[in-house]
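The numbering of the sequence shown is my numbering, which starts it at -1 and goes up by one. Positions of the beta carbon are idealized from the N, C-alpha and C atoms, including for glycine. Below is one structure, written out as structure tokens, with a few remarks after it.
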Amino acid sequence: NFAKVLYQEKLIYEQPKVRLFKFGGETDYFSSGSLEDIRLFEVNGLKVGLLICFELRFIEIWERLRGADIILVPAMWGKLRKRHFEQFTEALALMHQCFLIASDSANDDMAKSSAIIDPFGVPYRDDRRVLLNKEVDLGDIKKMRRYMDIGL
């Protein structure tokens, strides 16, 4: 159970899922990675972090992303816990004062709550769309970190 990041048609990063979702049967089929597998990687001078789905629920994983400019969150989050997904992703963007891209399944049984969330915690969502596209100002990262200096 790995997330793989491609950039310009090349694999630039891969990360195993550290916290498996027992209720989804993941522990029966996959083995988990370790906390040390979670680290920031760089794309065009930006520090990027990655959390996979259920990992959103664990603060020790959040701490591994300290200093990220962008956090990616691929997920298949169930619709019964849609609000949890939205709250966790917005809080994570606020906590790290960074952009967060949450990509949830568009399947009708899933939360369908993909979003682009800015460093101020403001989400751009449209659950009717399969693909989101939004122009962002990367300067908002520094702006937020200056405004609310928490040492990032």
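Collapsed DSSP secondary structure at residue i in the structure displayed
i      : result
Glu7   : coil
Lys110 : coil
Glu12  : strand
Lys139 : For the record, residue 139 in the displayed sequence is Ile; it is not Lys. Ile139: helix per DSSP, three-state reduction.
Lys132 : coil
Phe21  : helix
Beta-carbon contacts of residue i that lie in its chain and below 8 Å, excluding the five residues immediately before and after
i      : result
Arg79  : Ala109
Arg64  : His94 and Leu150
Ile59  : Val16, Arg17, Leu33, Ile36, Leu49 and Glu53
Ile139 : Asp67, Gln95, Cys96, Phe97 and Pro117
Leu130 : Ser112, Ala113, Ile114, Tyr122, Arg123 and Asp124
Residues near residue i in its chain [Cβ-Cβ closer than 6 Å; skip 5 each side]
i     : result
Leu48 : Ala1, Gln13 and Leu70
Glu84 : Ser111
Beta-carbon separation (whole angstroms), residue i vs residue j, contact threshold 8 Å
i      : j      : result
Glu24  : Leu33  : So it is not a contact: roughly 17 Å between Cβ atoms.
Met142 : Pro117 : 4 Å
Lys77  : Asp107 : 6 Å
Leu44  : Ile68  : 6 Å
Asp102 : Met146 : That pair is no contact at about 28 Å.
Val216 : Ala104 : Residue 216 lies beyond the stretch modelled for the chain, which goes from -1 to 150, so this question has no answer here.
Distance cut-off 7 Å: residue i Cβ against heavy atoms of the ligand GDP
i     : result
Asp35 : Ligands in the displayed structure: none, and consequently the ligand GDP is not present.
is_contact[residue i, chain D] using C-beta, thresh 8 Å
i     : result
Leu54 : Although the question refers to chain D, the structure presented lacks it and comprises just one protein chain.
Same chain, Cβ closer than 7 Å to residue i, five either side skipped, listed in chain order
i     : result
Tyr11 : Val3 and Phe39
Task: Minimum length 3: unbroken beta strand (DSSP E) runs contained in the segment 27 to 74 - done: 39 to 41, 44 to 48 and 68 to 73
Task: Complete beta strand (DSSP E) runs within the segment 72 to 101 (minimum length 3 residues, chain order) - done: none
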